[in-house]
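Comments concern the structure below.
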Amino acid sequence: MSWIQGFLPVYGICGTLPSVAFRAEGMRPVGRIRNLFWGTALGGLNGYLIVGSILFYLNTAGYPFPFMLPPDLATPAGAATLNTINRLPPAVLTPPGIYFALVIAFVIVIGAFI
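Here is the structure:
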């Protein structure tokens, strides 16, 4: 790998950060609150989708790793965990629900650019 291939990605990332920081300084307080709200909401949704999918597929595979134990049905926490697994993204987002989710995601992405 040449030094140009190593330098260009670093410059592309670090070279744009100061301009983003200077643009954010002049934001109205309403813009900051709105950005905080949407960042938190979409970050939580993203975490639910990613972590929920991982937990769902681990449960489906029977917790194949030796350091992971399946939930114990004898405890209230284990029963609640197994009840929650039925509400994780892969179990909920089946057709036609996945199509509605795609339309909503498309509208959010288009709305961000308008």
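Mapping of the sequence shown onto our numbering: residues 4 to 117, in sequence order.
Beta carbons: idealized from backbone N, C-alpha and C, even for Gly.
Since the model is a prediction, treat every value here as computed from it, not as a measurement.
Which of the three DSSP states is assigned to residue 35 in this structure? helix
Own chain, CB closer than 7 Å to residue 96, minus 5 neighbours either side, in chain order: 104
Any idea what DSSP makes of residue 59, helix, strand or coil? helix
Beta carbon of residue 62, beta carbon of residue 88: below 7 Å? yes
What is the DSSP secondary structure of residue 120, counted as helix, strand or coil? An answer regarding residue 120 cannot be provided, because it is not within the stretch 4 to 117 covered by the chain.
Thinking C-beta only, is residue 68 closer than 7 Å to residue 91? no
Beta carbon of residue 66, beta carbon of residue 73: below 7 Å? yes
Whether residue 83 touches residue 76 by CB criterion (7 Å): no
Alpha helix (DSSP H) containing residue 92: first to last residue? 92-95
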